[in-house]
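Q: One point on numbering: in the working numbering, the residue at position 215 of the sequence shown is 461, and numbering is uninterrupted.
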Amino acid sequence: MGILYLVSTPIGNLEDLTPRARRILAEVDLVLAEDTRRTGLMLHHLGIRVPLRSLHRHNEESRVQGVLDRLSAGESIALVSDAGTPLVSDPGERLVARAIQEEHTIAPLPGPSAVLAALVGSGLPTLSFAFLGFVPRKGKDRAALLERVAGARETVVVFESPERTAALLAALAQECGPGRRASVARELTKVHEEFRRGTLEELAAYYAEHPPRGEVTVVVGAAEADALPPVIDDEAALALGRALLDQGVSPSRAARELAERLGISRNRAYALLQELPE
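Below is the structure:
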């Protein structure tokens, strides 16, 4: 039986590749890469020549069986993402789950992680934290994530694109309160690495005037006990929302009414209304 290695690769600085990771990448029979061009450049720089094959979110399902067959034949295979630790907001979950089911050996090689780098550099508590991945762009999923951050009893880490960072910080300031502590990490481990720390209001104002460049990771502190959003009965809230709409109240006004009566945010109220059947 072969071994499936989950190899963490640099998120910016090639010096962060561990000696073990370099050795494994040179020894395996195949490297599965999210982007073979990007990984190919890294391997070329390291002087490693090994077969490369793509495995990304569009083809993972169709390629799993072929990989399992090669593992069963005794081959060793390395899975890498474009940067950082595989499977963390990257492809590979299906492959690893199937490989475990078929009792193949899974060998994770720890290393660079934008999540952990941003967290430990934020100045916020690290004992308990949640990583929520990339922020949805709109709709119920976005509203649910904002609500999740607002009520978090632990530090929260999210990924966001640079062009949407200012809008996210403004939305978080509205949802969580302007005084919630946060940190924005940019271009981690690279030449222009930057941490900016402050309140959500301060950070939203800064990035509205200075749009960030490069990869961004946002870290938000936990809610204070007296600032946690109220626990509401969703069924009762939905019934109230339906009653308001049936009375001819516009969706925007209904959301405003729900927010005021239940003591919840406008985003949460909109999300509840969207759950109602047409």
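In this text, a Cβ means the ideal position worked out from N, Cα and C, and glycines have one as well.
Note that the structure is a prediction, hence the values are computed from the model and not measured.
Find out if the Cβ-Cβ distance for the pair LEU252, VAL277 is shorter than 9 Å.
A: Numbered from 1 along the sequence shown, position 6 holds the residue referred to as residue 252. Numbered from 1 along the sequence shown, position 31 holds the residue referred to as residue 277. No, these two residues do not count as a Cβ contact at 9 Å.
Q: Which full runs of the alpha helix (DSSP H) of 4+ residues lie inside the segment 283-347, going along the chain?
A: The qualifying runs are 306-318, 339-347.
Q: Would you grab the beta carbon distance between GLU421 and ALA454 for me? Rounded to a whole angstrom, and I think it's under 8 Å.
A: Your numbering for residue 421 matches position 175 in the sequence shown. Your numbering for residue 454 matches position 208 in the sequence shown. Not a contact, Cβ separation roughly 17 Å.
Q: So who's on the other strand from GLU409, going by DSSP bridges?
A: As a working note, residue 409 is residue 163 in the sequence shown. Paired residues: none, contrary to the question.
Q: Looking only at C-alpha atoms, which of LEU287, GLU339, THR351, GLY385 sits nearest to ALA515?
A: The residue given as residue 515 occupies position 269 in the sequence shown. Per the Cα distances, GLY385.
Q: Quick check: SER359 and THR401, are their CB atoms within less than 9 Å of each other?
A: Numbered from 1 along the sequence shown, position 113 holds the residue referred to as residue 359. Numbered from 1 along the sequence shown, position 155 holds the residue referred to as residue 401. No, the Cβ-Cβ distance between SER359 and THR401 is not below 9 Å.
Q: Which word fits THR255, buried or exposed, when buried means at least 16 other C-beta atoms lie within 10 angstroms of its C-beta?
A: What you label residue 255 is simply residue 9 of the sequence shown in a count that begins at 1. Its Cβ being crowded by 16 or more others within 10 Å, THR255 is buried.
Q: When the Cα atoms are used, what is the spatial distance from ILE352 to LEU486?
A: By one-based count along the sequence shown, residue 352 stands at place 106. By one-based count along the sequence shown, residue 486 stands at place 240. Approximately 51 Å, taken between the alpha carbons.
Q: Counting pairs of Cβ atoms below 8 Å between the segment 458-466 and the segment 489-504, do you hit three or more?
A: Judged by Cβ distances under 8 Å, the segment 458-466 makes no contact with the segment 489-504, as fewer than three pairs qualify.
Q: Spatial neighbours of LEU491 within its chain, please: CB distance less than 8 Å, with the 5 preceding and 5 following residues excluded, ordered by chain position.
A: For this step, residue 491 is matched to residue 245 along the sequence shown. Excluding positions up to five away in sequence, the list reads PRO497, ALA500, LEU519, LEU522.
Q: Going along the chain, which residues of its own chain have a beta-carbon closer than 6 Å to the beta-carbon of ALA419, five neighbours each way excluded?
A: For the purposes of this step, residue 419 is taken as residue 173 along the sequence shown, with counting starting at 1. For ALA419, where only same-chain residues beyond five positions count, the Cβ hits under 6 Å are LEU446, GLU447, ALA450.
Q: Please list the terminal residues of the continuous alpha helix (DSSP H) segment that includes GLU447.
A: Position 201 of the sequence shown holds residue 447. From DSSP, the alpha helix (DSSP H) with GLU447 extends over 446-455.
Q: Which residue marks the beginning of the beta strand (DSSP E) containing PRO354, and which one marks its end?
A: Numbered from 1 along the sequence shown, position 108 holds the residue referred to as residue 354. It spans 351-355 - the beta strand (DSSP E) in which PRO354 sits, taken as one unbroken run.
Q: CA-CA distance, ASN259 and MET288?
A: Start at 1 with the first residue of the sequence shown, and residue 259 comes out as number 13. Start at 1 with the first residue of the sequence shown, and residue 288 comes out as number 42. The straight-line gap from Cα to Cα measures roughly 11 Å.
Q: Which full runs of the alpha helix (DSSP H) of 4+ residues lie inside the segment 356-402, going along the chain?
A: Complete alpha helix (DSSP H) runs here, min 4: 360-366, 385-396.
Q: Is it right to say ASN513 is buried, meaning 16 or more other beta carbons lie within 10 angstroms of its own, or is it exposed?
A: On the sequence shown, residue 513 is found 267 positions in, with the first residue counted as 1. Looking at its Cβ environment, which holds 16 or more other Cβ atoms inside 10 Å, ASN513 is buried.
Q: From GLY338 to GLY444, what distance separates their C-alpha atoms?
A: Here residue 338 is taken as the residue at index 92 of the sequence shown, counted from 1. Here residue 444 is taken as the residue at index 198 of the sequence shown, counted from 1. Cα to Cα, GLY338 sits roughly 35 Å from GLY444.
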